[in-house]
Amino acid sequence: MAETAKARSTAASAFLALDEENLNNQYDQLHESFQNASSVSALQDLIHQIDSETADIDSDLQRLVTVGSKKHTAEISSLELSRAKLSGAISNSNDLTKVFTSANDLGHSLTSKIKALDQEISNVDATLSFVADVQSLKNNINQTQYAIEKGNWELAANCIHVINHKLSPNLVNGRFASVMIPSSDIPELPAPTIKKWIEQLTIEFQTRFNEAAKARSVPEITKYFQLFPLIDQEEVGLQCYSKFICSIITDTSRTLINSATQGESRSGIYASVTSNLFESISTMLSQHTPLINKYYGTSYPDAVVFVVTRIQREIDSQIGLIADTFYDNNRVEKKLHDIKLHKFTELTRRFSDHYQQNDPEENEVFDHDIVPLVEIGDLTHELSSILHHWSLYCKFVAVKYFSKGEEDLKLPTLLSNSNFMKKIHNKLLPAFEALFTYYFRRSFEKAVTIEEVPSLDSYLTTTADSKSPEQPAVSSVVEDLSLIFNNSLRNVLESTQPTTVKHFVAECAKVLQNDFLGGFIRKALQENSPRYNKTLALLAAQGAVPSGTGSPSASRAGTPAPESVSGYLKGASSAFGNIVGTGSSMVGASAVAAAHNEPKLTNYVIYLNTVATAQEFFRQIIVNLTVRDKHSLKGNFPFAIDEEKIRNIIQAELLEPLVSSTNNVVRHSLLNFYNQSLKNKVATIVHETFPETSDTHYMAYSSSILNDPSNMLRFKQSWDAMIRPYKQTMHKTLVFYKLLRLLVVNLASMIEKKLMSALKKFKINELGALKLDKDVSFIINEVCEDDYELREKFVRLTQLVLLVGMDEEEYQLNSFSKNDEDGEDEEDAGINWVLTPLERKQIRRFRV
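Every number in my numbering is 418 more than the matching position in the sequence shown, counting from 1.
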């Protein structure tokens, strides 16, 4: 189509008269002339014009045909010439095809012959290799025979290694070798001969290795140790090496035990022996592992694990021997029997309802120990250390040799089923649990017998700014008990036995709940329950602190701040320290009591502080050992999720019940204390502040009455006199704040009832309402200060004052919504009322 269009374009350019556009124009002109012709002559002229133009077109067409015919003829001639040339090319191509066919046949023939030659070469090479291997086999067999005869063990082992690993097994066991190899010197077949030599060399290497091990000749040990893999006797070599390491462990253990048993016995010696033994084993394994991997790593990948498995039996034996020696030399079995005889009669006697204070001689009889408590504490700590060192060894072996990249580390079966682990669960743990159970409760019993209660005089000094003490006065029992608990919990956690921790938590919870809270605290609070309407009073600054008394920040044991557990452990009293082996010094405290402060009341406050401080100290100890020192807890319990389990057990079964119980004791004690001592005092203050003797305070008619501060100054003086002694002596957060909350709740209720009674009797006017609003605001600010939670307790009272202070229009606007009939909430009025509509109507009637 493109060529046709091009040809037309060429023809149109050569013959313009034949152009389509020109022809159309001529047609249009002729048609127009025809339309305009109005006579015969015009039509005749038109006919002549048409004839003339037709003749011109015919002439152009004739010339066009002539030119096209010539061009077509030339193209035909060109095509004929091309066809002649192509005929020659086809003939040449056919000749080439014949040549290529012949070459292809020749190539196939050559390929077949080359393959045949390659096969022949391969056969020759195989034969040559086989002959060379046979020759090598024969040479190595002859060299092995020569080396064995001459005692060249390295050469013999290397030759056997070449035979077993560099020559084909089919060659050694083949017919050709069985025919060619035997000779007059070595008549046996190759395979049996090599097997016999391996057995012979194995025995020889074992003998020489053992001799070198006895002589502790490291070069000789290394020399023969590396020969076992060459003769495919890796396990034999590893067994020999394991025996060598076991002998070192045995010698080390014997030396350590001998050093421990000779001379004067001292506490902690067996823990030190255990630590030295495991340190020696760990160092030895770390030093020997590269050597083992160097010669055995390729042929026996689990070589180190094999050695660890073999020496574990000896380790079990030696650590078991040390544990048994510790157990026997310290007569643990007898001590366990003796402590079972102790029935804790002193606790039972003291906590009974009929207990009376005895003389010191009688206390000494009850305080006698069959087994000194210091010895029990030392045994507990030493046994804990032994178990701790075993756990560190278990962690070392698990991490270095049995860890497979798993997220949770697992105790290897080798260790969990070991003999020493069985001894731990069957013998050591029961003894450890019995010892620390007795130690904890007996130490508490001792702490009770040597209790010292500090004086509150130094806390009751009159000061310009009344503040809660950073370290409130407490009984020495809570300090000693905290020391006991910290030491015991630390020992139990370092024993690294989850079952032991659970047992300790259960026993500790019993002592704390039954003996400390249910016995000691209950008895102390009952015996010191304050008399009716007795309250504390501040002392004059010049005579508040007699000489020799402790400061507010130092009690018998320097009552510690909970932020530093070690601080109060270092400050434990010498009286208790000498009993449990702490050896610290005591800070003295005066026993002088203020003449106008009842001793029972001061003791009651001290024992409330004791309960609160016990919660604070115990919480801090647990947090320090289980939360803050995460690496230590994880180090003690590295396997699986033991760490999380231990933390949850201590939290859920010890701390949370203790916190709940101590809070209950404080709450009930404060309620009893309020009813006995403070309720009438609060009622008196309210009665003095809002008297009912006259209507002067409610029906005010002058600004002098409105601005008279005397009544509020009396309230402040009375309130401070009542509350400041407790603020300066009580534990800030766990005792005083709870007491203050109790006082505020009852104060708000009493004022509300008092105002309801007074206003019902006298009514109140606008100035009286303003004065009442000022007074109530002053009371709230004075009592609550910046504590907005306490301010919420006065909501009913403030709404009462608000109601009597409103004018009628404001009252109608704020009390009743315009849409009440549609059931909308009263909150739409802008005030969230806690008073009922009936109460609001009743209060509103008081306004005149």
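Here a beta-carbon is modelled for each residue, glycine too, at the ideal position from N, C-alpha and C.
DSSP three-state call for R1265: helix, strand or coil?
In this structure, R1265 counts as strand in the three-state DSSP scheme.
Start and end of the alpha helix (DSSP H) containing R626?
Taken as a continuous stretch (DSSP letters only), the alpha helix (DSSP H) holding R626 covers P608 to A633.
Pop quiz: K1181 and V1266 are said to be a contact at Cβ under 8 Å. What is the actual Cβ separation, rounded to whole angstroms?
Sure, about 5 Å apart at Cβ, within 8 Å.
How about L943 and S1095: do their beta carbons lie closer than 8 Å?
Against a cut-off of 8 Å, the Cβ pair of S1095 and L943 comes out as no contact.
Any idea which residues DSSP pairs T879 with across the strands?
Answer by DSSP bridge pairing, in chain order: L957.
Candidates K761, T1107 and T1254: which alpha carbon is nearest D1193's?
Among K761, T1107 and T1254, the Cα nearest to that of D1193 is on T1107.
Taking the DSSP output, what are the residues bridged to F1057?
The partner list for F1057 (beta bridge, DSSP) reads L827.
Could you check which residue in T743, T798 and N512 has the C-alpha nearest to that of S906?
Comparing Cα-Cα distances from S906 to each of T743, T798 and N512, the minimum goes to T798.
Name the two residues that bound the continuous alpha helix (DSSP H) containing G738.
A721 to N747 is the span of the alpha helix (DSSP H), which, as asked, contains G738.
Just the C-alpha distance for P1255 and L1221, rounded to the nearest angstrom, thanks.
Spanning the two alpha carbons is a distance of roughly 12 Å.
By the three-class DSSP mapping on this structure, what secondary structure does I1182 have?
The answer is strand: DSSP assigns I1182 an E or B state.
Near L645, what residues of its chain come up, given a Cβ to Cβ distance below 8 Å and the 5 sequence neighbours on each side ignored?
These residues qualify, in order along the chain: W571, E572, A575, L619, F623 and G655.
For K864, does the count of other Cβ atoms within 10 angstroms reach 16, so buried, or fall short, so exposed?
It counts as buried.
Are the Cβ atoms of T1028 and I902 separated by less than 8 Å?
It is not a contact, given that the beta carbons lie outside the stated cut-off.
If I follow the unbroken alpha helix (DSSP H) through N558, where does it start and stop?
Its alpha helix (DSSP H) spans residues V458 to K568.
Assign E888 to buried or exposed, taking buried as 16 or more other Cβ atoms, counted over all protein chains shown, within 10 Å of its Cβ.
Its Cβ having fewer than 16 others within 10 Å, E888 is exposed.
Scan the stretch 1142-1225 and note each continuous beta strand (DSSP E) run of 3 residues or more that stays entirely inside, going in chain order.
The stretch 1142-1225 contains no whole beta strand (DSSP E) run of 3 or more residues.
Take A924 as the anchor and find which of V910, E697 and N1199 has the nearest alpha-carbon.
Minimum Cα distance to A924 is reached at V910.
Determine the contact status of L1124 and L1185, defining contact as a CB-CB distance below 8 Å.
Yes, Cβ-Cβ distance for L1124 and L1185 is below 8 Å.
Taking C-alpha atoms, which residue in T692, Y642 and E538 lies nearest to D734?
Taking only the C-alpha atoms, the option nearest D734 is T692.
For F518, count neighbouring C-beta atoms within 10 Å of its own C-beta (all shown protein chains included) and say buried if the count is 16 or more, exposed if not.
F518 comes out exposed.
If you run the structure through DSSP and keep just helix, strand and coil, what is K920?
K920 falls in the helix class under three-state DSSP.
When you compare each of K1063, Q651, N1098 and N676 to Y714 by their alpha carbons, which one comes out closest?
Nearest C-alpha to Y714: Q651.
With a CB to CB cut of under 8 Å and the five nearest residues on each side skipped, what residues in its chain are close to I1261?
Once the five neighbours on either side are set aside, the close Cβ partners of I1261 are M1174, L1177, L1218, L1221, V1222 and L1253.
Could you name the residues of the same chain whose beta carbon sits closer than 7 Å to that of I1067, not counting the 5 residues immediately before and after it, in chain order?
If we look at I1067 and ignore the five residues flanking it on each side, its Cβ neighbours are V919, K920 and V923.
Between which two residues does the alpha helix (DSSP H) harbouring Y713 extend?
That run of the alpha helix (DSSP H) goes I687 to Y714.
Between which two residues does the alpha helix (DSSP H) carrying G655 extend?
First-last of the alpha helix (DSSP H) with G655: E652 to T679.
I'd like the span of the alpha helix (DSSP H) that includes Y1022, first residue to last.
Residues P1017 to V1041.
How is H1115 classed by DSSP in three states: helix, strand or coil?
H1115: coil per DSSP, three-state reduction.
Return the CA-CA distance between K1018 and S873, expressed in angstroms with no decimal places.
Straight-line Cα distance between these residues: approximately 12 Å.
Tell me which same chain residues have a C-beta within less than 6 Å of the C-beta of A1118, skipping the five on either side of it?
Result list for A1118: L1124, L1185, G1186 and K1189, in chain order.
Would you call the CB atoms of V789 and D756 closer than 8 Å?
Closer than 8 Å, so yes.
Leaving aside the five residues before and after S586 along the sequence, list all residues of the same chain whose C-beta is less than 8 Å from its C-beta, in chain order.
These residues qualify, in order along the chain: D551.
Take P708 as the anchor and find which of L441, R634 and Y819 has the nearest alpha-carbon.
Of the listed residues, the one whose Cα sits closest to P708 is Y819.
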